[in-house]
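For the sequence shown, the positions run 31 to 534 when our numbering is used.
Note that beta-carbon positions come from the ideal geometry of N, C-alpha and C, so glycine has one too.
All values reported here derive from a predicted model rather than from experimental measurement.
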Amino acid sequence: MCGIAGIIYADRQRPVDPAILKAMGDSIAHRGPDAEGFWIEPGVGLAHRRLSIIDLEGGKQPLGNEDGSIQVVFNGEIYNFQSLRRELELRGHRFQTHSDTEILVHLYEEMGDRLVDRLRGMFTFALWDRSQRRLVLARDRLGLKPLYVYRDAEKLIFGSELKAILAYPNISRQVDPVALEGYLAFGMVSGDRSIFQRIEKLQPAHVLTVTAEDLTCIPRRYWQLRIEPADRLTVDEWEEAIRSKVDETARLHLIADVPVGAFLSGGIDSSIIVALTAGATRGPLQTFSIGFAEERFSELPYAREIASRFGTKHTEQIVTPDAVSLLDELTHFYDEPFADSSAIPTYLVSRLASQHVKVVLSGDGGDEAFGGYARYAHDLKESAVRRWLPAWFRRAALGPVARVWPKADWLPRPLRAKTSLTNLALDAGSAYANTMTLCRQPLRRRLMALDLAAGLNGHAPEQLLWESYATAPPDDALAGMMAADVATVLPDDFLVKVDRASMA
């Protein structure tokens, strides 16, 4: 929705160079083409690039509280801001705008950094508290919006994209070997790393409190996905509960002072979003689809059927072979290696939608929430076999067979005996990591320069996936896979792809 950036110096008297702060903001101008804003005092500078969605005239940033002692820059949208505003007004807070951003400064006055517990939305923000001389950085629960942080002995710099930090003079671009190996393993830079050393991502569901005097950083996780036994509901009761929650969520996403549209692939997730929102917009809902000339690869017929069924104003585009020329353009927006092949069509459909609307809804995350991936079904079958065969037999017999079995990655997953034999010889979490791995050892090390490989120090890129898989009950393989995806592929692949494409 917007772009944010900022600087905080350990020396409170050190002036912030407005030209540097502007360069940081300009580097992410594509995220907020409607307006720019800056706030500077000795030792601190905040920059904002705005894409106007709510309160088009009054919601300019940085935005402060009544006496200006608290300043905030915000990227995203708070969907429950109206109810929070009513609550804060009853407590005596005076609002100057109608924007969702202003909720943050007043809620912070009431709750400090615990304000994130009350927020329902997608967001990153940076809040400067002059009286406490501290900076609070926060990111939404699932990581829909990005935030990167650089720190050395003299300064802390943050930005919505890596390029905002790199716009500061003399920031090192030395490659992080751990991040590079993670990219080779999974096709994405995952966890709290970036491709550059000393620049980290603020993790989803985290608050980072920075003390200005010594740049001490205290991270706090404020939310954790809970995997608990399901309530004993009937199928009809589950259907009603899920429909009610999804319907409420979809309608909250329609709150905007500009036209809202939706991506429509014709699949289950995007079709549900369209079905729930088509009758709730002023005028026909605008939908957008990307397809291919080859019918066996194109889902356009399904998208057209859904668009016709719900009376949307539908726009579509065919991807042609020359779309590969966009790769150079995409590298500017991604800043670091990214290997999701759907980055091009996602960029194209976002560019198509941007010609008509400022906000689009998408169905990303539905498979992680409802277990929709085909790989889940296959791995569940492997889990059933794993329970039937003793562990000693799987390790002693199937492991050696898997090592000598020929690779056949070009075959459909059920026919790749090498992968299945390898998985059966492993525990469930390691098997799922093997399923998700694109490039395995020792090939990864052979691809890396010797000096980079030497910097790995035994790091395993699968560690985050193992840990998140283990948060599920040991006898619930489906929950383990879904938890692993929510912690890895969702924030570091799918949501990165949608954010960069839609903000380009």
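Original post:
What are the complete alpha helix (DSSP H) segments, minimum 4 residues, inside the segment 211-293?
Top reply: 265-282
Original post:
Between the C-alpha atoms of Gly488 and Gly151, what's the straight-line distance to the nearest angstrom?
Top reply: 38 Å
Subject >> Cα-Cα separation, Leu357 to Ser372 >> reply: 12 Å
Original post:
Looking only at DSSP bridge pairs, what is Ala419 linked to?
Top reply: The displayed chain sequence assigns Leu, not Ala, to residue 419. According to DSSP, Leu419 bridges with nothing at all.
**OP:** Would you kindly report the start and end of the unbroken beta strand (DSSP E) that includes Arg181?
**Re:** 178-181 is the extent of the beta strand (DSSP E) around Arg181.
Subject >> Cβ separation of Leu81 and Asp64, assumed to be a contact under 8 Å, to the nearest whole Å >> reply: 6 Å
Original post:
Ordered along the chain, which non-local residues of its own chain (more than five positions away) have a Cβ less than 6 Å from that of Phe322?
Top reply: Ser328, Val349
Original post:
Does DSSP put Asn105 in a helix, in a strand, or in coil?
Top reply: strand
Original post:
Where does Gly36 land, buried or exposed, given buried means 16+ other C-beta within 10 angstroms?
Top reply: buried
Subject >> Pair within 9 Å by beta-carbon distance, Val516 and Leu214 >> reply: no
Original post:
Which word fits Gln316, buried or exposed, when buried means at least 16 other C-beta atoms lie within 10 angstroms of its C-beta?
Top reply: Buried: at least 16 other Cβ atoms inside 10 Å.
Subject >> Cut-off 6 Å between Cβ atoms - residues of its own chain near Phe363, not counting five sequence neighbours on either side >> reply: Arg530, Ala534
Original post:
What residue from Ala183, Ile336, Glu191, Ser220 has the CA that sits closest to Leu245's CA?
Top reply: Ala183
**OP:** Alpha carbon to alpha carbon, how far is Ala514 from Arg417? Give it in angstroms, no decimals.
**Re:** 20 Å
**OP:** Pull up the distance between the alpha-carbon of Gly89 and that of Ile100, whole angstroms please.
**Re:** 16 Å
Subject >> Closest Cα partner of Ile225 within the set Thr501, Leu494, Leu482, Glu492 >> reply: Leu482
**OP:** Could you give the DSSP three-state label for Thr465: helix, strand or coil?
**Re:** helix
Original post:
Taking just the CA atoms, how far does Gly33 sit from Arg470?
Top reply: 36 Å
Original post:
If you drop the 5 nearest sequence neighbours on each side, which residues of the same chain put their C-beta closer than 8 Å to that of Glu139?
Top reply: Hits under 8 Å: Asn95, Ile100, His123.
Original post:
Should Arg115 go down as buried or exposed, given a rule of 16 or more other Cβ atoms within 10 Å for buried?
Top reply: buried
Original post:
Would you call the segment 305-312 and the segment 250-268 in contact, with 3 or more CB pairs under 8 Å?
Top reply: No, the segment 305-312 does not touch the segment 250-268.
Subject >> Straight-line gap, Lys175 to Gly429 (C-alpha atoms, nearest Å) >> reply: 41 Å
Subject >> In chain order, each beta strand (DSSP E) run of at least 3 residues that lies wholly inside the segment 76-123 >> reply: 100-108
Subject >> Classification of Gln204 by the beta-carbon crowding that lies within 10 angstroms, buried from 16 upward >> reply: Burial call: exposed.
**OP:** Answer yes or no: do Ile70 and Leu186 have a C-beta to C-beta separation smaller than 9 Å?
**Re:** No, the pair does not count as a contact, with Cβ atoms beyond the cut-off.
Original post:
His283 and Leu192: beta carbons closer than 9 Å?
Top reply: no
**OP:** State the CB to CB distance for the pair Thr320 and Gln347, rounded to an integer number of angstroms; the pair is presumed to be in contact (CB under 8 Å).
**Re:** The displayed chain sequence assigns Ile, not Thr, to residue 320. The pair is a contact, with the Cβ atoms about 6 Å apart (cut-off 8 Å).
Original post:
Leu468: beta carbon under 8 Å from a heavy atom of the ligand NAP?
Top reply: Among the components of this structure there are no ligands whatsoever, and the ligand NAP is therefore not found.
Original post:
Based on the DSSP secondary-structure assignment, which residues constitute the bridge partners of Val389?
Top reply: Assignment of beta-bridge partners to Val389 by DSSP yields Val290.
Subject >> When Gly297, Ala502, Lys527, Gly485 are compared against Glu258, the one with the closest alpha-carbon >> reply: Ala502
Original post:
Nearest to Gly189 by alpha carbon, out of Leu210, Gly212, Met54?
Top reply: The shortest C-alpha separation from Gly189 is found at Met54.
Original post:
When the Cα of Pro472 is compared with those of Gly67, Glu211, Arg79, which residue comes out closest?
Top reply: Closest option to Pro472, judged by alpha-carbon separation, among Gly67, Glu211, Arg79: Glu211.
Original post:
Looking at the unbroken beta strand (DSSP E) that takes in Val166, where does it start and where does it end?
Top reply: 164-169
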